[in-house]
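To start, the structure under review is shown below, and the notes come after it.
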Amino acid sequence: MPSLKALRLRINSVKSTQKITSAMKMVAASKLRRAQQQAEAARPYAERMERMLGALATSVANSPTAPALLVGTGKDQVHLLIAVTADRGLAGAFNTNIGRATRTLARKLEAEGKTVKILAVGRKGRDYLKRELASRFVGEISYAGKRRIDFGDAQEIGNRVTAMLAAGEIDRATIVYNRFQSVIAQIVTEQQVIPAPPPVVTEASDTGGASYDYEPDEETILTRLLPQALAIQVYRALLESAAGEHGARMSAMDNATRNAGDMIKRLSQNYNRARQANITRELIEIISGAEAL
Amino acid sequence: MPVALEIVSPEKLLLSRSVEMVVIPAAEGDMGVLAGHTPMIVTLRGGTIDLYEGDRVTDRLYVAGGFAEVTPTRCTVLANEAVPVGEIDRGAADKRLADAEAAYATESKNGTAAEDVALDRVQAARAMVAAAA
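This is the structure we're talking about:
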């Protein structure tokens, strides 16, 4: 049986841990709301971009000079994996899930004889993947200390990937990120970005059946539109991941707060029992001492 | 019949309303869009989007380039950056022009592929300064 003092100290320490976890939960909740709003705000642009891309892609799809961003390099040898994780831990299995999915994918591709390159976004994923796959790293990006992610950040990643593609260093690119489903569910998603995923064919829009005129020609527009479309995909993945991170942290901290509460209850019970046992013992000692006289 | 105009940037939907006519700075010259326009997809250079009501300009926005999709009933502008002309900071515009010109100067010396991009930036910045004046 631990001494009363030891128990008291223990209870106090669990109480302060609980205070911290419940504060972290509150912070995560408010950040989650902001992240969700930001993700919501990015949606209209992405949708319209997709619509335009769909129209363009169908009109140049069979052209031999179609840009590599759209149709790939024609090879399937070097795969770039962009692993999007958070910069901070204490968010349950959020970061580990991405790390594990990326590792599994990398192993699978290598077993098929492909070359894998990894671009790690976020400090936690970098640390996780560095342990085993350090030789595949081509870059790492961290937004630690940044208040919010803006489109410029996504463009930077997009530009890097485009440059690698243009230099013939990669043939395909896939983003691995946590898609925000709800506060308790983040779904690990592998999204291929190069070659661009086939656009969803929307039924005849309001052009009255007529096809679009392009100014300048389709391919010039495409070469400008595609990097932008890539950036917006990266941007969405970053935002989803940010929202997912806060959601995951919120539920992890909620659990931690509850566990701390349970523990405090149990420890207090032990403490009270020990205190009562002490009192009883002292009483017995006094009474038997008095009787002996 | 009005045109449903939408201006969106990657960060948010900036404007969505019906206008009688809108003039957009297409890459190969300004383009007036009225209802019933033939469907087009165009790239934009840096310049101002003018919203017309009758023959009066009701709003002017500066865009730093982007894309536009025009259909008989809609005009959708995907802008990298859009600011109402009245809110442009003259100092920031001047600075951007200076930066863009400096970048262009180095690029054109090297004669790299980035030269065109830099030139576009210079032109977009020039349009911004002009709009602010």
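Going down the list, the protein sequences come from chains A and B. For the first sequence, the residue numbers in our numbering are 1 to 293. For the second sequence, the residue numbers in our numbering are 1001 to 1133. For glycine and all other residues, C-beta sits at the position ideal for the given N, C-alpha and C. Please read these numbers as outputs of a predicted model, since none were measured by experiment.
* Asked: Under a three-way DSSP split, which group does residue 1017 (chain B) fall into?
  -> The residue given as residue 1017 (chain B) occupies position 17 in the second sequence. In this structure, residue 1017 (chain B) counts as strand in the three-state DSSP scheme.
* Kindly list, in the order they appear in chain B, the residues whose Cβ is closer than 9 Å to that of residue 232 (chain A). => Taking the first residue of the first sequence as position 1, residue 232 (chain A) is located at position 232. 1010, listed in chain order.
* Asked: Closest by CA to residue 1098 (chain B), which one among B:1016, B:1046, B:1129?
  -> Locating residue 1098 (chain B) in the second sequence gives position 98, counting from the first residue. With distances taken between Cα atoms, residue 1098 (chain B) lies closest to B:1129.
* Residues that residue 180 (chain A) bridges to, as DSSP identifies them -> Position 180 of the first sequence, counting from 1, holds the residue named residue 180 (chain A). Residue 180 (chain A) pairs with A:186.
* Does the beta carbon of residue 1039 (chain B) come closer than 8 Å to any beta carbon on chain A? -> Locating residue 1039 (chain B) in the second sequence gives position 39, counting from the first residue. Yes - at least one Cβ of chain A is within 8 Å of the one on residue 1039 (chain B).
* To do: Please work out which residues of its chain come closer than 7 Å, Cβ to Cβ, to residue 123 (chain A), disregarding the five sequence neighbours upstream and downstream, and give them in chain order.
  => Indexing the first sequence from 1 puts residue 123 (chain A) at position 123. So the list reads 87, 142, 144, once near-sequence residues are dropped.
* Kindly indicate if chain B contains any beta-carbon less than 8 Å away from that of residue 203 (chain A). => Sequence index remark: in the first sequence, residue 203 (chain A) carries index 203 (1-based). Residue placement at residue 203 (chain A) is flagged as unreliable, the pLDDT there being 48, under the threshold of 50; the coordinate-derived value follows with that caveat. By this cut-off, residue 203 (chain A) is not an interface position.
* To do: Pair every Cβ in the region 70-81 of chain A with every Cβ in the region 248-257 of chain A, then say whether three or more of these pairs are closer than 8 Å.
  => no
* To do: Report the rounded CA-to-CA distance for residue 79 (chain A) versus residue 89 (chain A), giving the unit in angstroms.
  => The residue labelled residue 79 (chain A) in the question sits at position 79 within the first sequence. The residue labelled residue 89 (chain A) in the question sits at position 89 within the first sequence. Using only the alpha carbons, I get a separation of about 28 Å.
* **For residue 254 (chain A), three-class secondary structure by DSSP** => Locating residue 254 (chain A) in the first sequence gives position 254, where the first residue counts as 1. Looking at residue 254 (chain A) - three-state DSSP - the assignment turns out to be helix.
* Asked: In angstroms, rounded to a whole number, what distance separates the CA positions of residue 111 (chain A) and residue 82 (chain A)?
  -> As a working mapping, residue 111 (chain A) is identified with position 111 in the first sequence. As a working mapping, residue 82 (chain A) is identified with position 82 in the first sequence. Those two C-alpha atoms are separated by around 19 Å.
* To do: State the Cα-Cα distance for the pair residue 118 (chain A) and residue 232 (chain A), rounded to the nearest angstrom.
  => If you number the first sequence from 1, residue 118 (chain A) lands on position 118. If you number the first sequence from 1, residue 232 (chain A) lands on position 232. If you take the alpha carbons of residue 118 (chain A) and residue 232 (chain A), they lie about 20 Å apart.
* residue 1085 (chain B) CB to nearest chain A CB: under 8 Å? -> Along the second sequence, one-based indexing puts residue 1085 (chain B) at 85. For residue 1085 (chain B), the answer is no, since every Cβ of chain A falls outside 8 Å of its Cβ.
* So, is residue 294 (chain A) buried or exposed, given that buried needs 16 or more other C-beta atoms within 10 angstroms? -> Residue 294 (chain A) lies beyond the range of chain A shown here (1 to 293); nothing can be said about it.
* To do: Say yes only if the C-beta of residue 165 (chain A) is nearer than 7 Å to one or more non-hydrogen atoms of the ligand SAH, and no if none qualify.
  => For the ligand SAH, the structure offers nothing, since it holds no ligand at all.
* Asked: Could you give the distance in angstroms between the alpha-carbon of residue 283 (chain A) and the alpha-carbon of residue 289 (chain A)?
  -> As a position in the first sequence, residue 283 (chain A) is number 283, starting the count at 1. As a position in the first sequence, residue 289 (chain A) is number 289, starting the count at 1. Going by the C-alpha atoms only, they are around 10 Å apart.
* Asked: Which of helix, strand or coil does DSSP assign to residue 169 (chain A)?
  -> Along the first sequence, read from residue 1 onward, the residue named residue 169 (chain A) stands at position 169. If DSSP states are grouped into helix, strand and coil, residue 169 (chain A) belongs with coil.
* To do: Anything in chain A within Cβ reach of residue 1069 (chain B), meaning under 9 Å, just list it in chain order.
  => Stepping through the second sequence from its first residue, residue 1069 (chain B) is reached at position 69. The answer, in chain order, is 48, 51, 52, 55, 212.
* To do: Leaving aside the five residues before and after residue 7 (chain A) along the sequence, list all residues of the same chain whose C-beta is less than 7 Å from its C-beta, in chain order.
  => Residue numbering aside, residue 7 (chain A) sits at position 7 when the first sequence is read from its first letter. Same-chain partners within the cutoff: 267, 270, 271, 274.
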